[in-house]
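Participant: Numbering (our numbering), first residue to last: 1 to 251. Below you'll find the structure I mean.
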């Protein structure tokens, strides 16, 4: 990850927005997008009560998860050119099988750093969904990029920013699979060659987006199967969003 002046991936809406790699200089502002949108409005965050005002510890823990994830050097953001404001983010993680006897990234972070039941709920959901389908075994691969958290500020929704972040995440991953664009990547990860992008689409909007740009659905699980604090997920989530999709874009 660069200190500043993140790589420019493209411009949007007649130059009103820029898609750039996240840098040290704008990381905190990128994380603020999660606080101001994702943790408040995303379906599973609502189901796990991460959006409830008094559950600030859960939001801090998930913010720290995202901060560590950004160190991989593969996360992206959208800046509004006129205001120089970060308005949308994609926190992306390079995933691979850990050495024998070690936990994978999400499980290790959960066990070592998460104390709040709300953040535990979300992370257990993510881990559980991922484990239902062994994508590495299914596609005979040892490394992929996970589009972990995709978020746009409410003031900038319906402008195609999430779709653009997803498309540029695919482009970034394809470059890495070919051994290109390694200069911004964490030195310990430069030997990795992710050959797919995966995600958990938790709303009907992200599911529509994913279908439009070519993600394949691996698994679909209704929210009626999950519970937290005495209620099923579907009892808290907007009824527009009935299930979660585990998806992949394979090169």
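Note that the Cβ used here is the ideal one computed from N, Cα and C, for glycine as well.
Do residue 157 and residue 213 count as a contact pair if the criterion is CB distance below 8 Å?
Facilitator: Within the chain shown, residue 213 is the residue found at index 213, counting from 1. Within the chain shown, residue 157 is the residue found at index 157, counting from 1. Result no, Cβ atoms of residue 213 and residue 157 do not sit closer than 8 Å.
Participant: Looking only at its own chain, which residues have a Cβ that is under 8 Å from the Cβ of residue 93, when we skip the five neighbours before and after it?
Facilitator: Here residue 93 is taken as the residue at index 93 of the chain shown, counted from 1. So the list reads 69, 72, 74, 105, 145, 146, 148, once near-sequence residues are dropped.
Participant: Using 8 Å for Cβ pairs, my map puts residue 65 next to residue 151. What's the rounded Cβ distance?
Facilitator: Here the question's residue 65 lines up with position 65 in the chain shown. Here the question's residue 151 lines up with position 151 in the chain shown. Contact flag wrong, Cβ pair sits at about 14 Å.
Participant: For residue 107, which residues in the same chain have their Cβ closer than 8 Å to its Cβ, ignoring the five residues on either side in sequence?
Facilitator: Indexing the chain shown from 1 puts residue 107 at position 107. Counting only Cβ-Cβ distances below 8 Å, and skipping sequence neighbours, we find 127.
Participant: What does the Cβ neighbour count give for residue 207, buried or exposed, with the cut at 16 atoms within 10 Å?
Facilitator: In the chain shown, counting from the first residue as 1, residue 207 sits at position 207. Burial call: buried.
Participant: Quick check on the burial criterion: 16 or more other C-beta atoms within 10 angstroms. Buried or exposed for residue 251?
Facilitator: Along the chain shown, read from residue 1 onward, the residue named residue 251 stands at position 251. When all chains shown are included, residue 251 counts as exposed.
Participant: Where do the ends of the alpha helix (DSSP H) carrying residue 173 lie?
Facilitator: As a position in the chain shown, residue 173 is number 173, starting the count at 1. Where residue 173 is concerned, the enclosing alpha helix (DSSP H) stretches over 161-177.
Participant: Going by DSSP, what residue range makes up the alpha helix (DSSP H) through residue 117?
Facilitator: Counted from its first residue, the chain shown places residue 117 at position 117. Start and end: 117-132.
Participant: Which same chain residues end up closer than 7 Å to residue 77 when comparing Cβ atoms and leaving out the 5 residues on each side of it in sequence?
Facilitator: Within the chain shown, residue 77 is the residue found at index 77, counting from 1. Taken in chain order, the residues that qualify are 20, 22, 26, 30, 86, 88, 89.
Participant: Using CA atoms only, rank isn't needed, just tell me which of 40, 7, 119, 172 is closest to residue 53.
Facilitator: Stepping through the chain shown from its first residue, residue 53 is reached at position 53. Looking at the Cα atoms, 40 is the closest of the given residues.
Participant: State the Cα-Cα distance for the pair residue 97 and residue 247, rounded to the nearest angstrom.
Facilitator: As a working mapping, residue 97 is identified with position 97 in the chain shown. As a working mapping, residue 247 is identified with position 247 in the chain shown. One C-alpha to the other measures close to 19 Å.
Participant: Could you check which residue in 45, 209, 81 has the C-alpha nearest to that of residue 121?
Facilitator: As a working note, residue 121 is residue 121 in the chain shown. The shortest C-alpha separation from residue 121 is found at 45.
Participant: What are the partner residues of residue 30, as DSSP defines its beta bridges?
Facilitator: Against the chain shown, residue 30 aligns to sequence position 30. According to DSSP, residue 30 bridges with nothing at all.
Participant: My assumption, with CB atoms under 8 Å, is that residue 249 sits in contact with residue 215. Please give the rounded CB distance.
Facilitator: Working through the chain shown from its first residue, we reach residue 249 at position 249. Working through the chain shown from its first residue, we reach residue 215 at position 215. About 5 Å; that satisfies the 8 Å criterion.
Participant: Can you tell which of 63, 56, 179, 123 has the C-alpha that lies nearest to the C-alpha of residue 228?
Facilitator: Here residue 228 is taken as the residue at index 228 of the chain shown, counted from 1. Nearest C-alpha to residue 228: 123.
Participant: Compute the distance between the beta-carbons of residue 48 and residue 129, then report whether it is under 8 Å.
Facilitator: The residue given as residue 48 occupies position 48 in the chain shown. The residue given as residue 129 occupies position 129 in the chain shown. Against a cut-off of 8 Å, the Cβ pair of residue 129 and residue 48 comes out as no contact.
Participant: Comparing alpha-carbon positions, which option in 172, 203, 11, 211 lies nearest residue 193?
Facilitator: As a working mapping, residue 193 is identified with position 193 in the chain shown. Residue 172 is the option with its Cα nearest to residue 193.
Participant: Please specify which runs of the beta strand (DSSP E), each continuous and at least 3 residues long, are wholly inside the region 178-233, giving them in chain order.
Facilitator: Runs of the beta strand (DSSP E) inside the region 178-233: 196-201, 216-222.
Participant: Counting only the same chain and skipping the five closest in sequence on each side, list residues whose C-beta sits under 6 Å from that of residue 219.
Facilitator: The residue labelled residue 219 in the question sits at position 219 within the chain shown. These residues qualify, in order along the chain: 132, 133, 246.
Participant: Would you kindly report the start and end of the unbroken beta strand (DSSP E) that includes residue 18?
Facilitator: Counting from one through the chain shown, the residue named residue 18 turns up at place 18. Start and end: 17-21.
Participant: So for residue 79, helix, strand or coil by DSSP?
Facilitator: The count along the chain shown starts at 1 and reaches residue 79 at position 79. In the structure shown, residue 79 sits in a strand (DSSP, three-state: E or B).
Participant: According to DSSP, which residues form a beta bridge with residue 70?
Facilitator: Within the chain shown, numbered from 1, the residue matching residue 70 stands at position 70. DSSP, once it has assigned bridges, lists no residue as partnering residue 70.
Participant: Inspect the beta-carbon positions of residue 56 and residue 139 and report whether they are closer than 8 Å.
Facilitator: Along the chain shown, read from residue 1 onward, the residue named residue 56 stands at position 56. Along the chain shown, read from residue 1 onward, the residue named residue 139 stands at position 139. The answer is no: Cβ separation not under 8 Å.
Participant: Look at the alpha carbon of residue 42 and the alpha carbon of residue 153, and state the distance between them as a whole number of angstroms.
Facilitator: Numbered from 1 along the chain shown, position 42 holds the residue referred to as residue 42. Numbered from 1 along the chain shown, position 153 holds the residue referred to as residue 153. Cα-Cα distance, rounded: 12 Å.
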